[in-house]
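With our numbering applied, the sequence shown has no gaps in its numbers, which climb one by one up to 502 at the end. From the three backbone atoms N, C-alpha and C, an ideal C-beta is built for every residue, glycine too. This one's a predicted model, so the numbers in the text were calculated from it and none came from an experiment. Since the structure comes first, as structure tokens, the remarks are kept for the end.
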Amino acid sequence: MSEREPSSKDAYPLPDDLDADNDGIITADELVSHFDSDHDGTVSVDDYIEVSKYDKIDKNLDRIKARRSGKKGFFRGPESITFLGGIIYGVVFFSIMSALSSGFLSSSVNNSVWLDQEISNTFLDPAGEECLDSSGVVWINIWIDNDANKIRMRVNNAQPFEDDAKQLRMQFVQTDGTIVGEKIFGNTSEGYFDFSPYYDDEYIMEVYFHNMSGINMSNLDDEERADIIKTAPLYTEGNGPATLPIEIHTKEPTFLPWDSETVQEAKVTEKGQRVCLTFRQLGGWSWALMGAEWAGGRETAMLTGGSAGVPAWWMAFISLSMSIFFLCVQYPLMYRFYHKDIDDILSEEEIERVVEGALKRCEKQLHLEIDWDGFGVRAGSLSVDVLVPYRTTESSVIELGNVNSEMVKVVLDDFKIYGEMTTFQFTRY
Numbered sequence: 074m075s076e077r078e079p080s081s082k083d084a085y086p087l088p089d090d091l092d093a094d095n096d097g098i099i100t101a102d103e104l105v106s107h108f109d110s111d112h113d114g115t116v117s118v119d120d121y122i123e124v125s126k127y128d129k130i131d132k133n134l135d136r137i138k139a140r141r142s143g144k145k146g147f148f149r150g151p152e153s154i155t156f157l158g159g160i161i162y163g164v165v166f167f168s169i170m171s172a173l174s175s176g177f178l179s180s181s182v183n184n185s186v187w188l189d190q191e192i193s194n195t196f197l198d199p200a201g202e203e204c205l206d207s208s209g210v211v212w213i214n215i216w217i218d219n220d221a222n223k224i225r226m227r228v229n230n231a232q233p234f235e236d237d238a239k240q241l242r243m244q245f246v247q248t249d250g251t252i253v254g255e256k257i258f259g260n261t262s263e264g265y266f267d268f269s270p271y272y273d274d275e276y277i278m279e280v281y282f283h284n285m286s287g288i289n290m291s292n293l294d295d296e297e298r299a300d301i302i303k304t305a306p307l308y309t310e311g312n313g314p315a316t317l318p319i320e321i322h323t324k325e326p327t328f329l330p331w332d333s334e335t336v337q338e339a340k341v342t343e344k345g346q347r348v349c350l351t352f353r354q355l356g357g358w359s360w361a362l363m364g365a366e367w368a369g370g371r372e373t374a375m376l377t378g379g380s381a382g383v384p385a386w387w388m389a390f391i392s393l394s395m396s397i398f399f400l401c402v403q404y405p406l407m408y409r410f411y412h413k414d415i416d417d418i419l420s421e422e423e424i425e426r427v428v429e430g431a432l433k434r435c436e437k438q439l440h441l442e443i444d445w446d447g448f449g450v451r452a453g454s455l456s457v458d459v460l461v462p463y464r465t466t467e468s469s470v471i472e473l474g475n476v477n478s479e480m481v482k483v484v485l486d487d488f489k490i491y492g493e494m495t496t497f498q499f500t501r502y
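What follows is the structure, given as structure tokens:
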């Protein structure tokens with residue numbers, strides 16, 4: 074079988090200083106000028122070898138530049154599927170959480186505890202017992218926020234009494250019945266209490282939600298108002314307060330460098346049957362858990378949610394969803410910006426050639442004189458050291474003190490084209 078005749082398509086692009094005419098012929102003068110590296114008017118074998126070596130490097134650099142600057146999709150390969158999957162999952166997840174927490178769904182769905190009640194009977198809920206159905210019943214949730222040294226409380230299912238006169242009140246009681254702290258929050262359904270001023274001991278938090286409808290509070294001083302509030306009827310079932318036994322203790326520092334200070338903490342010593350959460354409450358806690366995890370990590374989110382009676386399966390679902398979304402979105406982005414194909418990694422000779430080309434442009438544009446016999450580049454694993462002797466001329470368009478910064482800028486621009494992230498420094502003598 075006869076060999077195929079060579080074609081112009083097989084040839085590499087010509088160097089910039091060589092031009093072929095319509096017949097594909099390059100003049101002898103142009104060839105001599107191109108290969109005469111020492112500019113003595115003749116082309117020796119050493120000249121030809123040296124220039125051919127540079128031509129080969131330049132051709133490879135041109136290929137790398139073409140690959141990196143060519144029209145292509147932002148993502149290619151498996152990372153595009155991962156990124157698209159992460160975006161779709163994030164849109165669906167955050168849309169569902171927004172719909173649940175905003176009350177956008179019908180009231181029958183918003184106030185339904187069906188999901189929590191059904192899952193509490195399965196292996197997904199480690200509590201091992203069905204949660205308590207509180208549909209239509211006013212109940213008060215009390216939980217501990219150790220990051221803020223606060224005991225927080227919120228009245229649930231109080232929407233029917235939104236326009237009524239009401240008062241939220243709490244008492245902080247020692248186990249012997251002594252009241253050591255009390256606070257009236259006013260006409261609201263949520264509040265918090267700072268436990269940091271209190272000594273390490275066991276206490277009982279009592280929270281009252283009073284019905285003040287029809288009670289005249291005008292022309293009364295603060296003490297009289299407080300007495301009337303305390304004797305007002307309650308909205309809560311059984312006409313008793315919501316109680317929660319709490320222990321305050323000081324956590325001693327450990328040998329770990331990030332745990333070198335004493336920290337006051339509170340914990341619930343006895344928890345009753347967990348109350349089922351409605352769809353809307355689950356949606357609201359989803360944002361609170363995400364915020365806690367962003368601010369203080371997964372452990373903070375789990376401790377906060379566990380203290381507030383958020384089901385373990387919901388906390389796990391929120392944390393897992395955050396991981397899926399951020400990993401599937403961040404990984405392709407990091408891969409896209411920091412990954413380089415093996416063929417695009419510059420060798421030491423190619424790095425030297427890029428630096429040399431950039432400095433030659435500086436020499437021409439800024440009217441400098443560079444001693445190329447003393448020029449040298451040493452490419453290490455962490456940085457590139459460039460030795461470049463130069464001087465300004467009478468026609469230089471830049472001050473001597475600004476030459477280095479301009480050279481650095483030009484070289485960095487070229488490095489960016491090839492995706493080279495190595496740092497470098499100039500040395501002049």
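Measure the C-alpha to C-alpha separation of residue i and residue j and round it to an integer number of angstroms.
{"i": "Asp274", "j": "His322", "result": "7 Å"}
{"i": "Ile424", "j": "Ser469", "result": "27 Å"}
{"i": "Ser193", "j": "Glu202", "result": "7 Å"}
{"i": "Asn292", "j": "Trp386", "result": "51 Å"}
{"i": "Lys433", "j": "Glu472", "result": "18 Å"}
{"i": "Ala172", "j": "Gly163", "result": "14 Å"}
{"i": "Ala200", "j": "Leu400", "result": "30 Å"}
{"i": "Met170", "j": "Gly311", "result": "34 Å"}
{"i": "Leu307", "j": "Asn260", "result": "13 Å"}
{"i": "Asn219", "j": "Ala431", "result": "58 Å"}
{"i": "Phe245", "j": "Val280", "result": "9 Å"}
{"i": "Trp360", "j": "Glu366", "result": "10 Å"}
Around the Cβ of residue i, are there at least 16 other Cβ atoms within 10 angstroms (buried) or fewer (exposed)?
{"i": "Arg426", "result": "buried"}
{"i": "Lys324", "result": "exposed"}
{"i": "Phe268", "result": "buried"}
{"i": "Pro79", "result": "Any reading at Pro79 needs caution, since the residue's pLDDT is 49, under 50, leaving its predicted position unreliable; the model's value is listed next. Pro79 should be labelled exposed."}
{"i": "Ile490", "result": "exposed"}
{"i": "Ser456", "result": "exposed"}
{"i": "Glu493", "result": "buried"}
{"i": "Val165", "result": "exposed"}
{"i": "Met74", "result": "Low per-residue confidence applies at Met74: pLDDT is 45, beneath 50, and the placement is therefore not dependable, though the value from the model is reported in the following sentence. The residue is exposed, with fewer than 16 neighbouring Cβ atoms inside 10 Å."}
{"i": "Asn289", "result": "exposed"}
{"i": "Ser394", "result": "buried"}
Closest to residue i by C-alpha separation, out of the options, would be which residue?
{"i": "Asn284", "options": "Gly250, Met278, Ser478 and Arg242", "result": "Arg242"}
{"i": "Asp458", "options": "Glu467, Val484, Phe234 and Ala381", "result": "Val484"}
{"i": "Thr309", "options": "Ile213, Phe352, Ser179 and Asp220", "result": "Ile213"}
{"i": "Gln346", "options": "Gly357, Lys433 and Ser380", "result": "Ser380"}
{"i": "Val210", "options": "Pro151, Ala231 and Glu436", "result": "Ala231"}
{"i": "Glu191", "options": "Gly378, Thr373, Val228 and Cys349", "result": "Cys349"}
{"i": "His440", "options": "Gly453, Trp367, Tyr272 and Met480", "result": "Met480"}
{"i": "Glu343", "options": "Lys433, Ile252, Glu334 and Glu320", "result": "Glu320"}
{"i": "Ala389", "options": "Leu197, Met494 and Tyr162", "result": "Leu197"}
{"i": "Asn477", "options": "Gly492, Ile443 and Tyr491", "result": "Ile443"}
{"i": "Leu205", "options": "Asp189, Met170 and Pro199", "result": "Asp189"}
{"i": "Ser185", "options": "Phe352, Gly449 and Ser168", "result": "Phe352"}
{"i": "Ile224", "options": "Lys489, Arg409, Tyr265 and Phe177", "result": "Tyr265"}
{"i": "Val428", "options": "Pro405, Lys482 and Glu467", "result": "Lys482"}
Where do the ends of the alpha helix (DSSP H) carrying residue i lie?
{"i": "Leu485", "result": "Val476 to Ile490"}
{"i": "Ile192", "result": "Trp187 to Ile192"}
{"i": "Pro151", "result": "Pro151 to Ser175"}
Does DSSP put residue i in a helix, in a strand, or in coil?
{"i": "Trp360", "result": "helix"}
{"i": "Leu441", "result": "strand"}
{"i": "Val402", "result": "helix"}
{"i": "Asp83", "result": "Reliability fails at Asp83, whose pLDDT of 48 lies under 50, so the model's placement of it is uncertain and no value is given."}
{"i": "Ile310", "result": "Reading off the sequence shown, one finds Glu at residue 310, where the question assumed Ile. In this structure, Glu310 counts as helix in the three-state DSSP scheme."}
{"i": "Met74", "result": "Low local confidence applies: a pLDDT of 45 at Met74 is under 50, so the model's placement there is unreliable, and no value is given."}
{"i": "Met407", "result": "helix"}
{"i": "Ala339", "result": "strand"}
Grab the span of the beta strand (DSSP E) containing residue i for me, first residue to last.
{"i": "Ala344", "result": "Per the sequence shown, residue 344 should be read as Lys rather than Ala. Segment: none, Lys344 is in no beta strand (DSSP E) and carries neither H nor E."}
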